Amino acid sequence: MELTGKRIALGITGGIAAYKSAELVRLLIKQGASVQVAMTEAATHFITPTTFQALSGNRVFIDQWDTNVANSMAHINFSREADVLLVAPASANFLAKVANGIADDLLTTLTLARDCPLLVAPAMNRQMWSNPATQRNIATLLGDEVIVLGPASGEQACGEIGDGRMIEPEEILEELIAHFQPKLLKDKKVLITAGPTFEAIDPVRGVTNLSSGKMGFAIARAAHEAGAQVTLVCGPVSQPTPRGVKRIDVTSALEMHAEVMQRAATQDVFIGVAAVADYRPRIVSGQKTKKDGSPPPVVELVQNPDILAEVAALPEPPLCVGFAAETQNLAEYAEKKRRAKKIPLIVGNLIQDGFGGEENTLILFDDNGQQPLAPAPKLELARQLIARIATLLENPYAPH
Ligand code: C5P
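Numbered per our numbering, the sequence shown spans residues 5 to 404.
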């Protein structure tokens, strides 16, 4: 549960995306948050307050003049008691009012009276979104430190296609969870490799490995949550891209090498999580190899460049972090790799149950020796690793 104890004030404005907010409330509650909903009158034309009352377990506020509310100060208490005010969907009209400090209904009044961060998920027709007035309002809101989530691009309720769709409830949840993480790598540039590589033998066959990419993707998400600008170069995997992460898909080690070397010198941190193939076939057949009765073909291999070692050897390298996945002698092999590649930190993991699991057991090896991390879900371990990296950026010799 990622939002245990968090109090979310959820504002809902009038737009067809309001039906998705019911799912959002369910997701927030599932993650341990308490949710207090306020709707505009327009929102009640799209979905009823009863739905939100049932899902949140709390009464829903709509009317500014409701005399049933204790001391009639709903707008003050609502935001005072919240850790965050999230408005999803946020209509063009609502955003315009908030950008200009207008408070003419309960939701805009409590938004103006808030004492907590404001996150908005815009939802509107593409013409309304691209209208200079809306864009001016968004610029004002960003300047006022309002966090704007989306919008997404795609098919709209009116049948048009373009920017203005509300991002999906799962994406809003991911952004909200990120919001609560400490910004340990604010504005740092972090480059990560993940997944396996695929080394072609012919157009349909190749050499690869069982890396799922999950650990690398979890680290990319954790780095983004910590406020970093993240670029993820990944081999063939089927993981969803974490929000806010720039993803570059590659196939072979040589492609991964080229994409990494082109960017590495300008990064603050490089984390090599990919299980890069050490060797590739020397010759890639242009046609599918046939079984024609002659002796089995011999595939001659040549060594791939060591991406991590090359980045670490740059004149002014980023802080380099490697991974060592081993089936035995983890401490010995990991430390040997750390020295051979001349990197300050290597993360060891013993492959016991194969690749692809949701959990992992990691040991960090650096100049201070080793630090085991308790078995945990990959995202949790990724956050601990990011915290260690942030400390090493501040002070390369910081003890564990
Ligand atoms: O050399 P070895 O594969 O054992 O070391 C693993 C570490 O080195 C990982 O961090 C991996 O991403 C990185 N590596 C690399 N390029 C290679 C081989 C490994 O960046 N060709």
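Glycine included, every Cβ here is placed at the ideal spot set by N, Cα and C. All values reported here derive from a predicted model rather than from experimental measurement.
Cβ neighbours of D253 within its own chain (closer than 7 angstroms, five residues either side excluded): C238. For the options A380, L14, Q233 and A232, the alpha carbon positioned closest to that of A47 is the one of L14. Counted as a single uninterrupted DSSP element, the alpha helix (DSSP H) harbouring K382 occupies residues K382 to E398. For R267, the three-state secondary structure derived from DSSP is coil. L366 and V351 do touch by the CB rule: their CB atoms are close to 5 angstroms apart, below 8 angstroms.
Taking a cut-off of 8 angstroms on C-beta distances, the stretch 127 to 145 touches the stretch 84 to 104, as three or more cross pairs fall below it. DSSP lists no beta-bridge partner residue for I106. In this structure, V237 has its CB at a distance of at least 7 angstroms from all heavy atoms of ligand 1. The bridge partners DSSP lists for P200 are A279. In the DSSP assignment, the residues bridged to E159 are I165. Runs of the beta strand (DSSP E) lying entirely within the stretch 295 to 371 and spanning at least 3 residues, in chain order: 305 to 307, 323 to 330, 349 to 354 and 363 to 370. Taking one beta carbon from each stretch, the stretch 251 to 266 and the stretch 309 to 325 have 3 or more pairs nearer than 8 angstroms; the two touch.
In this structure, the C-beta of N213 stays at least 7 angstroms away from each heavy atom of ligand 1. One Cα belongs to K341, the other to Q185, and the distance between them is close to 32 angstroms. Less than 8 angstroms separates the beta-carbon of I176 from that of A125.
Taking C-beta separations shorter than 6 angstroms and ignoring five residues to either side along the sequence, the partners of K218 in its chain run K382, following chain order.
Between S95 and the set G373, P400, P155 and E398, the nearest pair of CA atoms involves P155.
Under the 10 Å beta carbon count, M260 is surrounded by 16 or more other beta carbons and is classified as buried.
Per DSSP, R251 is not a residue of any alpha helix (DSSP H); the beta strand (DSSP E) it occupies stretches across K250 to D253.
L312 has its Cβ nearer than 7 angstroms to a heavy atom of ligand 1. For the set T235, T270 and R387, the Cα lying nearest the Cα of V315 is the one of T270. With a cutoff of 8 angstroms on beta-carbon distance, L258 and L180 are scored as not near each other. Burial of T201 is indicated by the presence of at least 16 other C-beta atoms within 10 angstroms of its C-beta. In this structure, G199 places its C-beta atom within 8 angstroms of the C-beta atom of A278. Taking 7 angstroms as the cut-off, one finds at least one heavy atom of ligand 1 near enough to the beta carbon of T197. A direct Cα-Cα distance of roughly 28 angstroms separates R169 from K190.
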